[in-house]
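**Student:**
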Amino acid sequence: MVTRLVFLGQGKSAASFIRKPKRLGIVIEFQWVPTVLRFEGLRVAVYPNDHRPVHVHVIGRGCEGVFNLNCPAGPVDLRENYRFSNRELNRIIDGVMAHVEELCRAWEHIHGIA
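Quick note, my numbering runs 77 ahead of the 1-based positions in the sequence shown.
What follows is the structure, encoded as structure tokens:
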């Protein structure tokens, strides 16, 4: 029996998460989450194995939000919020909306559509 572990992260080696040898039936799989934009100390990421509708994850300050882009020109809609305040959400929507076209292109490129 082989156990497959998938780690989502950025900048860390898989060895820092687990140090068990492959002979014990553990396969290490490390998946990168591309950061496509940074603003106001936040990271805008697109998960490579994610689904439609076209959306981005905004991560930072111990919070995360998922925003539908409604490509190609918006408007940006909040889909999920994990701990961002209403004030932060409004600033994030403005920031994402300012870059919505390039974020749509990045999402399509990462998913092999463009």
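Cβ coordinates follow ideal geometry from the N, Cα and C atoms, glycine included.
Starting from the N-terminal side, write out each stretch of the alpha helix (DSSP H) that is 4 residues or longer and does not extend beyond the region 126–182.
**Tutor:** Listed in chain order, they are 163–175.
**Student:** The beta strand (DSSP E) spanning Pro121 covers which residue range?
**Tutor:** As written in the sequence, residue 121 is Val, which differs from the Pro given in the question. Looking at the DSSP string, the run of the beta strand (DSSP E) that includes Val121 is Leu119 to Ala122.
**Student:** Take Leu180 as the anchor and find which of Glu117, Trp109, Val135 and Gly118 has the nearest alpha-carbon.
**Tutor:** Selected option, being the one with the closest Cα: Val135.
**Student:** Excluding five sequence neighbours on each side, which residues of the same chain lie with their C-beta closer than 6 Å to the C-beta of Trp184?
**Tutor:** Correct list, in chain order: Val123 and Val131.
**Student:** If you count every other CB in all the chains shown that lies within 10 Å of the CB of Ile169, and 16 or more means buried, which is it?
**Tutor:** Result: buried.
**Student:** Would you kindly work out how many angstroms separate the C-alpha atoms of Leu166 and Arg182, rounded to a whole number?
**Tutor:** Approximately 23 Å between the Cα atoms of the pair.
**Student:** How would you call Gly189, buried or exposed, if buried means at least 16 neighbouring beta carbons within 10 angstroms?
**Tutor:** Exposed.
**Student:** Taking 6 Å as the limit between beta carbons, can you name the residues of its chain near Val121, skipping five residues before and five after?
**Tutor:** Excluding sequence neighbours, Val121 sits near Val113, Leu114, Val133 and Val135.
**Student:** Can you tell which of Val153, Gly118 and Glu117 has the C-alpha that lies nearest to the C-alpha of Val177?
**Tutor:** Answer by Cα proximity: Val153.
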